[in-house]
Structure formats: structure tokens, C-alpha cells
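Here the numbering used here is used: the sequence shown runs in plain steps of one and ends on residue 126. Structure record follows, encoded as C-alpha cells.
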Amino acid sequence: MIIRQNGLQVAATLRHAVEGIRRVILVQRDGTPFSDDGPEHDRDRLGALVVASVEMAHHTAAGASLTGLATCTIRTDDGAVVAVPVGDRFALAVIVEPTVNLVLLQRVLQPQVDHLLALDGGA
């Protein structure tokens, strides 16, 4: 079972390993924020958008005959959002500065996703 503290520990681990992380949010797949180390005022909106982007990426991949969505990355001029599904119950998003090495982030992120999956019973 994943508890809020697990999400905050993942955020701390990611921040320690990769400079330039602005925010880490773990969201239930219904869009409800579960843990978030960012400002509270836009937590609900961001949670819903993270889930929507992961679902859209999943459907886009399926439309291209691809399976097993691993990562959804949205790059902008001033940063990026990297979102990953965590089983069927959660999605994890990391909001970063534009200078962050996204390949490094992905390498650091995957073991954390695997850890959350193990806590959630391999969901």
C-alpha cells in the first residue's frame, strides 16, 4: 500500500539526484492529488491535468499500435513535465527546469516508480 509519505520520499530522492526539479506530484488515476511537494493553490488542477495527459498519451500510443506507456513528456520553453503511470492506480509527474537532463531524470525516475509499484503490490 502506498502512503503519502512514500510519495514525499520519492520526491526527496529525485530532488537529491537531479538538480532543477520544481515539483513532484503523485496523483490517483481519478485525478485526486495523493502527495505533492508544490503549492497547494493549484494542486487539484495540476492533478487532473497530469492524469489527463497520461491518459491522452496512452490513447495516442495505442492509436499508433504501441503498448506499455512508459513516459509522457511535455517540453516547453521554460521547463518540462515528465509523467509516468504507476500501475493502474497512480500517476507520478515531475516538473523540471528547462536545463534538466531528461535522460538522467528518466534513469533516476524508473527505480522510484518500481519502488512505488512494489509498495502497491505490483499493481
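Even glycine gets a Cβ: it sits at the ideal position worked out from N, Cα and C.
One Cα belongs to R26, the other to A83, and the distance between them is close to 11 Å. Ranked by how close their Cα comes to the Cα of P88, the residues A67, H118 and T16 have H118 in first place. In the structure shown, G50 falls within a helical segment according to DSSP collapsed to helix, strand and coil. Here D91 is exposed, its C-beta having fewer than 16 other C-beta atoms within 10 Å.
By the Cβ criterion, the region 53 to 73 is not in contact with the region 12 to 25, since fewer than three pairs of Cβ atoms, one from each stretch, lie closer than 8 Å. For L119, the uninterrupted alpha helix (DSSP H) run begins and ends at L105 to L122, by DSSP. Between the alpha carbons of S56 and G50 lies a gap of roughly 10 Å. For the pair T16 and Q109, the CB atoms are not nearer than the 8 Å cut-off. Around E100, the same chain offers G23 and G82 as residues with beta carbons nearer than 6 Å, after the five sequence neighbours per side are excluded.
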